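Notes follow the structure.
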Amino acid sequence: MRPLRALGRALRAEAYWASCLAMAAACGPEIVPTQGGTGSGTGTGTTAFDSGDPSVDESTAHELDVAEDDDDRPHCLIDGSCHAFDVVLVIDDSSTMSGELLDVSSHLPLLLDELMELQDPHGALIESSINLMVTTTDVGHPLCAREPGDAPRRGAPVHQGCNARIEHFTGPDPADPLAPLVLEEACTLGCPVDVVPDDPFIHFGTGTNVPVDDVYAALSCIGPQGFAGCDYRAPLEAMLQAIDPQACWNDPEQPACDEQAEWAEVTQGFLRDEAVLVIVIISDGMDCSVAPGGYSMFTGEDQTYWSIDPATGTPQASPAICVNAGVSCDDRDDDGIYESCTAVDGEVLHPVERYVSYLRELGKRVVMLGILGVPEVEQHDPNPPFEPVAGGVFDLVYRDWIDAPYPRGDILPDPWDAGRRADDERFERGGLAPGCMAPNGEGSLAQALPPVRVREVCEGLDFVDQEGDLQVRCCIESLCDPDFHQVMRCLYGLVMELPLE
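This is the structure:
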């Protein structure tokens, strides 16, 4: 195996970061880990998982009492006449999402279409109770600059309308980093006036918590995330923090939550014991969920995983570290096309098993849809769960960057004209070229990196049952597909195939 390194430098691959053994609780729900991640009124509340981010003050951590179960639920959940689904939507808000932002924002309501049409095996609509929360891929990083009061969500629900955070829709232009790129229409076209739920999440099915029951308007307002988030994106860690049972948005009855302005008035928790957990990750980059101790590889003197900055000719820290330290690729004939790429359990990022194990051991049904950097799916199974059977991950090629403008190469046309080259991409994003590039429905080019780590977690949810049949719990679709109808249909199929209890 030859690790993927810019300029061919050797990658130091460790089997497992030894001190992660001390965090074994974070890999399974049966042990309560050390508390951490307390935030301010604009932060993320207290969570049970230690994010490892040194920018988080862990000194105020303390054990939280778990609230007792009660029957403050829709009556149909108590008598079993309806089915509960908790949907976690993790949306990339990093700067590279500017090319996909309009497309993603305009297609979010399709998710509601599928969730509202769930049927039983006989084709009858089922009565459902659905909670839907939105969060970002931003869990914080020492190298991400922050405006005053702009804290990373770290898995906490985004419940402000996008107009209230419209500044997140302005960022550097890839073609001219000195000029601002303003994409406020990604918010305002679907959300001219903010409509938000009464809770930190949207509820519908058994009534709603949205003004005039307009859940489409609510998702169109809380769903768009902009592109001003941290480029060291961490969709896997954000997902794990979002479903932490001791977070204030999941268990708001804890006394400590009353001390935090953002959660003090929250009375309804998002996660429910009886609910199917539905995870949707939308991202165009490589997961960079940093382990405790891994931050020193970004900010310290150890430059093992740093890439060469073409502007200076010297190693510099950049998001390429996430690829250099987190992925190992095999290129037996040294032609720049990798026979395989796999996640590395090393010293910088959390091992993917942390996330697979936790989801498997939750004791509930879990499905995942990834809308990621893979080629467009060419064919789906005609039967539920309608999973891809051609194109998509089956056509994904792991390779190095091609130094030419699209469509001859991997550089977007405007940045190419501004002087950007493949070495710039390798420095900023790592040595893995995009898994997909294509014009999207909004007149811009979608470009997304291969999702090595997220793919392994998603596919790790599939299993073979006692009869020897494969039970599909993962669906990976293309972020570059301009038609999100079929993309969302796969999620419908995943949920339809679950045995409803």
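Numbering (this note's numbering), first residue to last: 1104 to 1604.
The beta-carbon is built from N, C-alpha and C at its ideal position, and this holds for glycine as well.
As the structure is a prediction and not an experimental result, all values here were calculated from the model.
Is the beta carbon of residue i sitting closer than 8 Å to the one on residue j?
i, j, result
"T1370", "P1355", "yes"
"G1058", "C1294", "In the structure as shown, the chain begins at 1104 and stops at 1604. Residue 1058 is therefore absent and cannot be evaluated."
"I1514", "R1502", "no"
"D1387", "L1552", "yes"
"P1277", "D1517", "yes"
"H1271", "Q1328", "yes"
"R1576", "L1597", "yes"
"M1599", "P1488", "yes"
"F1566", "S1421", "no"
"S1232", "T1309", "yes"
"T1240", "R1336", "yes"
"V1383", "L1564", "no"
"Y1441", "D1433", "yes"
"Y1458", "L1339", "yes"
"P1260", "V1242", "no"
Select from the options the residue whose C-alpha is nearest the C-alpha of residue i.
i, options, result
"H1588", "E1479, A1341 and A1350", "E1479"
"H1244", "L1284, E1270, S1197 and L1211", "S1197"
"V1555", "M1389, Y1458 and P1542", "M1389"
"A1446", "E1456, I1440 and D1437", "E1456"
"V1299", "L1286, Y1319, L1292 and L1281", "Y1319"
"P1508", "N1234, E1528 and Q1406", "E1528"
"I1269", "D1412, G1258, V1285 and R1256", "V1285"
"H1483", "G1538, R1592 and R1336", "R1592"
"M1540", "D1405, D1297, A1267 and M1200", "M1200"
"S1443", "D1316, L1475, E1559 and L1218", "E1559"
"E1377", "Q1569, M1219, L1322 and N1234", "N1234"
"P1280", "A1521, V1242 and D1568", "A1521"
"V1500", "P1251, G1538 and W1519", "G1538"
"C1583", "L1475, G1258, P1255 and E1570", "L1475"
Near residue i, which residues of its chain fall below 6 Å by C-beta distance, leaving aside the five closest residues on each side in sequence?
i, result
"D1498", "P1478"
"H1453", "S1392 and A1394"
"V1381", "F1188, V1190 and V1470"
"G1326", "L1211 and V1237"
"Y1408", "M1400, I1424, N1427 and A1428"
"R1468", "V1379 and L1601"
"A1493", "E1481 and Q1482"
"G1226", "none"
"A1367", "D1361"
Does DSSP put residue i in a helix, a strand or coil?
i, result
"S1080", "Because residue 1080 is not part of the residues shown, which for the chain are 1104 to 1604, the question remains open."
"F1497", "helix"
"E1133", "Summary for E1133: the model assigns pLDDT 33, below 50, so the residue's position carries little reliability; its value from the coordinates is reported in the next sentence. Coil at E1133, not helix or strand."
"E1309", "Looking at the sequence shown, residue 1309 is not Glu but Thr. Coil."
"R1592", "helix"
"V1477", "coil"
"E1580", "strand"
"M1599", "helix"
"C1351", "coil"
"R1529", "helix"
"L1564", "coil"
"P1518", "helix"
"A1541", "strand"
"L1343", "helix"
"V1575", "coil"
"R1502", "strand"
Could you name the residues of the same chain whose beta carbon sits closer than 7 Å to that of residue i, not counting the 5 residues immediately before and after it, in chain order?
i, result
"S1512", "Sequence inspection shows Gly at residue 1512; the Ser mentioned does not correspond to that position. Closer than 7 Å at the Cβ level, and outside the excluded window around G1512, lie I1505 and D1506."
"L1374", "D1189, I1346, P1348 and N1353"
"C1561", "M1471, G1473, C1577 and I1579"
"D1302", "N1312, V1369 and Q1371"
"C1324", "G1264, C1265, C1294, D1297, V1298 and V1299"
"D1611", "Look at the range of the chain in this structure, 1104 to 1604, and you will see that residue 1611 is not part of it."
"L1215", "V1318, Y1319 and L1322"
"E1061", "With the chain covering 1104 to 1604 only, the question about residue 1061 has no answer from this structure."
In chain order, what residues of the same chain lie with their CB nearer than 8 Å to the CB of residue i, ignoring the 5 residues before and after it?
i, result
"G1495", "V1477, P1478, E1479, V1480, E1481, I1579, E1580 and S1581"
"P1542", "L1548, A1549 and P1585"
"L1246", "Y1335, F1401, T1402 and A1420"
At a threshold of 7 Å, does residue i count as lining the ligand GTP (C-beta to nearest heavy atom)?
i, result
"M1591", "Looking for the ligand GTP in the displayed structure turns up nothing, as the structure carries no ligands at all."
Length at least 4, wholly inside the segment 1183-1250: the alpha helix (DSSP H) runs in chain order: Fully enclosed alpha helix (DSSP H) runs of 4 or longer: 1204-1210 and 1212-1218.
Alpha helix (DSSP H) runs wholly inside the segment 1442-1472, at least 4 long, in chain order: List check, alpha helix (DSSP H) in window: 1456-1463.
Runs of alpha helix (DSSP H) wholly within the segment 1366-1436 (minimum 4 residues, chain order): At a cut-off of 4 residues, the continuous stretches assigned as alpha helix (DSSP H) that sit fully inside the segment 1366-1436 are 1399-1402 and 1423-1429.
Start-end ranges of the alpha helix (DSSP H) lying completely within the segment 1258-1334, minimum 4 residues: The qualifying runs are 1288-1291 and 1318-1325.
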